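Have a look at the structure below, then the notes.
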Amino acid sequence: MTSFLELLGKEDNLGEPTPALNNKPVMLGVVISFLVLALLCAILRIWCRFYVVRAAGWDDFFVTLVMISISVGSIGTCVATDYGLGEHLILMSTQRLSEYLRVFYICNTTLPMSTTFIKIAILLQYLRTFEKGTKSRTVTIVVLIITAMWGFAYMFLACIPAIPVKAYWDWNVDARGRWGFGSHTAEELIRTYESHAASNMVLDFIIFAIPLPLYFSSEANKKSRKSVLGLFLLGSVVLMLSAWRLANLIDSRAGTYPTLDVTWYAPTPMALAILEIDIAAICASLPVFWPVLQSGMGSIFVTHEVAITTETLECPRCSEDLEMAGGSLSCSQPSTTLETDALVEPQIFGAYMMGKTTSAAAATKAV
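With UniProt numbering applied, the sequence shown covers 1 to 367.
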């Protein structure tokens, strides 16, 4: 077993080209922009569930938890750029490294929280859609239980990486024990990061594949197929980011290869993890608020069909002149009938809201 401190200065990597995400402006731009987009989608989702559909559920609660945890993690990542994130570890003082690890502890703790909460939110959203007794619902429940246990295990490893916890960032404190993310044994530290990234990717694939049978179902309409396809395409982006992060961790052996330089190799996997969670949150929110936006846009840009008709009415003779004329007077006047077809058919994913929005009006005046 190798102490990861023995890997410090093993190779000279000071001449390596600087990755784009090691630059503070690039890191801030990527993290903040995607966080704002994810927050906007989450807010629209919550607004639709509470004020439009009026059918909020536990999935909305977990989406809220996700946005809180990823916001804390994103802010922590931005702050970490002022404490050495993106710099070479060997050039940092002990005090500066301790300050960096204190901030990184917050970021690293929110990562398993966010990945767990967003998976649970999506699975609970599935449960609101699948009928009881179906295979899809049974699979969803099983995956939900596995995800909850998986998330609890890694959240524990991240929240309590050492005893006392302060020993994680202050190496002058004698630790009674270190494990997982806080281990000073290189092999254990590497396995912890790589196992979390790999299992996270596998769970993502399973979760985004669960609704696929609906796409091939003969009972599914065109709109449902498009929704499932869109969800899977966005899920594919999440999977690509997960695979990229795993490959990066394997390549640098969690920041310990070719030399121990966690501050230099950390920005890319940290940014990829944040983007993965942000896009997953967007995936969970879009099916809820997008139909409502479509409905609203349809009412704004609605096209009314106007039909012009002519009616002939028999008018009673009401004067002597008409009596002398001997006959009847036929008078006609065009009338307008306003007909509006069923233009909007909203279906809120996971909220059991279906129906048509129609309007029809007719006005006929006889003279």
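Using N, Cα and C, we set each Cβ at its ideal position, and we do this for glycine too.
Please read these numbers as outputs of a predicted model, since none were measured by experiment.
Q) Hey, Y126 and T140: beta-carbon distance below 7 Å or not? A) For the 7 Å CB-CB criterion, Y126 and T140 form a contact.
**Q.** Validate contact between the segment 222 to 240 and the segment 141 to 149 using beta carbons, cut 8 Å, 3 pairs
**A.** Short answer: they don't touch.
Q: Taking W290 and L272 to be in contact with their CB atoms under 8 Å, please state how far apart those CB atoms are, rounded to whole angstroms.
A: Not a contact, Cβ separation roughly 26 Å.
Q: Can you grab the Cα-Cα spacing for the pair L338 / L293, in whole Å?
A: Residue confidence is low: L338 scores 43 on pLDDT, short of 50, so the model does not pin down where it sits. No coordinate-derived value is stated.
Q | N- and C-terminal bounds of the alpha helix (DSSP H) containing T147 | A | 135 to 159 is the extent of the alpha helix (DSSP H) around T147.
Q | Per-residue DSSP class, three states only, for I210 | A | The answer is coil: DSSP assigns I210 none of H, G, I, E or B.
Q: Could you spell out the range, first to last residue, of the alpha helix (DSSP H) harbouring V53?
A: From DSSP, V53 is part of no alpha helix (DSSP H); its letter is neither H nor E.
Q | Beta-carbon proximity check, P267 vs N108, cutoff 7 Å | A | No, Cβ-Cβ distance for P267 and N108 is not below 7 Å.
Q: For V367, count neighbouring C-beta atoms within 10 Å of its own C-beta (all shown protein chains included) and say buried if the count is 16 or more, exposed if not.
A: Unreliable positioning characterises V367 in this predicted model, as indicated by a pLDDT of 37, which lies under 50. A coordinate reading is not provided.
Q. Is the segment 227 to 239 touching the segment 153 to 171 in the sense that three or more CB pairs, one from each, lie closer than 8 Å?
A. Because the criterion of three Cβ pairs below 8 Å is not met, the segment 153 to 171 and the segment 227 to 239 do not touch.
Q.
Can you tell me which residues form a DSSP beta bridge with S3?
A. BP columns for S3 point to T185.
Q: Just tell me which of W58, I90, V53, Y100 has its CA closest to the CA of G76.
A: For G76, the nearest C-alpha among the options comes from Y100.
Q) Which residues in the same chain have their Cβ closer than 7 Å to the Cβ of I118, if we skip the five residues on either side of it in sequence? A) The residues are V66, I277, A280, A281, A284.
(Q) Within a Cβ cutoff of 8 Å, which residues of the same chain sit near G326, ignoring the five residues on either side of it in sequence? (A) The pLDDT assigned to G326 is 49, lower than 50, so where the model puts this residue is not dependable, and the model offers no usable value.
Q | DSSP three-state assignment for R96, whether helix, strand or coil | A | Looking at R96 - three-state DSSP - the assignment turns out to be helix.
Q | I250 versus G235, A197, L231, residue with shortest Cα-Cα distance | A | Among G235, A197, L231, the Cα nearest to that of I250 is on A197.
**Q.** Opposing strand residues paired with R245 [DSSP bridges]
**A.** Here R245 is not bridged, per DSSP, to any residue.
Q) How about G84 and R96: are their beta carbons less than 7 Å apart? A) Yes, the Cβ-Cβ distance between G84 and R96 is below 7 Å.
Q) Beta carbon of I163, beta carbon of G151: below 7 Å? A) No; because the gap between Cβ atoms is not below 7 Å, this pair is not in contact.
Q) Which term fits S93, buried or exposed, when burial requires 16 or more other beta carbons within 10 angstroms of its beta carbon? A) Residue burial is scored here from C-beta neighbours: S93 has fewer than 16 other C-beta atoms within 10 angstroms and is therefore classed as exposed.
**Q.** Coarse secondary structure for A197, derived from DSSP in three states
**A.** Shown here, A197 sits in a helix according to DSSP, grouped into three states.
Q | Nearest-angstrom Cα separation, counted from T64 out to T358 | A | In this predicted model, T358 has a pLDDT of only 35, less than 50, meaning its place in the structure is not dependable enough to derive any value.
Q) Which of the three DSSP states, helix, strand or coil, is assigned to G230? A) Three-state result, G230: helix.
**Q.** Residue of A121, N172, T134, P161 minimising C-alpha distance to T147
**A.** Cα-wise, what sits closest to T147 is A121.
Q) Is A209 buried or exposed, if buried means 16 or more other CB atoms sit within 10 Å of its CB? A) Classification for A209: exposed.
Q) Taking Cβ to Cβ, would you say S74 is nearer than 7 Å to V31? A) Taking 7 Å as the Cβ cut-off, S74 and V31 qualify as a contacting pair.
Q | Validate contact between the segment 173 to 190 and the segment 154 to 161 using beta carbons, cut 8 Å, 3 pairs | A | Yes, the segment 173 to 190 is in contact with the segment 154 to 161.
Q) Below 7 Å between beta carbons: does that hold for L189 and A247? A) Not a contact, by the Cβ cut-off of 7 Å.
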